[in-house]
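In what follows, a single structure is set out as structure tokens and then discussed.
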Amino acid sequence: PIPEYRSISFAGRARSSFFWRMEHEGAVLALDDATIQFSLVTFPSTVVGTPEESSAFWAIGGGDGAARIVRVMANNDLTVFQQLQSSGEWVVEKLVRLPEATSGLSGREETYFQQPAKIVATTTRHVLVTPQEETWIFSVDLETLEVDRAHERNRYAGAAYPFELPWAPALRVDHRRHRGRMDLTI
80 PIPEYRSISF AGRARSSFFW RMEHEGAVLA LDDATIQFSL VTFPSTVVGT
130 PEESSAFWAI GGGDGAARIV RVMANNDLTV FQQLQSSGEW VVEKLVRLPE
180 ATSGLSGREE TYFQQPAKIV ATTTRHVLVT PQEETWIFSV DLETLEVDRA
230 HERNRYAGAA YPFELPWAPA LRVDHRRHRG RMDLTI
């Protein structure tokens, strides 16, 4: 029988796989886009947290092709784990203490970060984060570890799916005139 899950949410992309976290499950659902096969992947709890904390992590790829997990820890440390290709071991690559890093930003309230922050969206270079207490989105640059509230990317949280029509479209013109106009079909 197929197990039922009350909540499955997208958790990012790394290497050639898409990941979804599952509520109260110790594994992550992965779709390999090369083979179009689903599998359950188990990450160490030190990397993705307990099943109850799993909403605080995202899988991302790096420019070097390595898989990474970005997670907000219970103490509000944004931690980047990298999987070593040689051994498969997960190690802490970078760490940002969010309460301290955001303390000088405009609009920052002292009441923020009483609870673990939430990751809103990720790219291979930036993580968009907000405190749970109020929507106050800022980004963390994963190369420089700097935080920023003013950048344009912070205004459009969430996934974007660009769509382009093929150009130039094939046009068919109906040369019959209807009340002085021609019909154009794309």
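Quick note: to get the numbering used here, add 79 to the position in the sequence shown (first position is 1). We put the CB at the ideal spot given by N, CA and C, even for glycine. From a predicted model like this one, the values you see are computed outputs, not experimental measurements.
To the nearest angstrom, how far is the alpha carbon of Leu244 from that of Phe89? The predicted model places Leu244 with a pLDDT of 49, which falls under 50 and marks its position as unreliable; any figure quoted below should be read in that light. So the alpha carbons of these two residues sit roughly 27 Å apart.
State buried or exposed for Gln162, treating a residue as buried only when at least 16 other CB atoms are found within 10 Å of its CB. Answer is buried; the Cβ neighbour count reaches 16.
Proximity below 7 Å, CB of Phe117 to CB of Val127: no
Whose C-beta lies closer than 8 Å to the C-beta of Ser95 among residues of the same chain, with five residues either side of it excluded? Asp111, Asp112 and Ala113
Quick check: what's the CA-CA separation for Ala93 versus Glu179? 29 Å
So is Val206 buried or exposed if we call it buried at 16+ other beta carbons inside 10 Å? Here Val206 is buried, its C-beta having at least 16 other C-beta atoms within 10 Å.
Would Val199 pass as an interface residue toward chain D - the criterion being a Cβ-Cβ separation below 7 Å? Here chain D cannot be found, since the structure has a single protein chain.
Measuring straight from C-alpha to C-alpha, what distance separates Gly317 and Ile115? Residue 317 falls outside the range modelled here, since the chain spans only 80 to 265, and no answer is possible.
If you follow the alpha helix (DSSP H) that Thr125 is part of, which residue opens it and which one closes it? Thr125 -> alpha helix (DSSP H) spans Ser124 to Val127.
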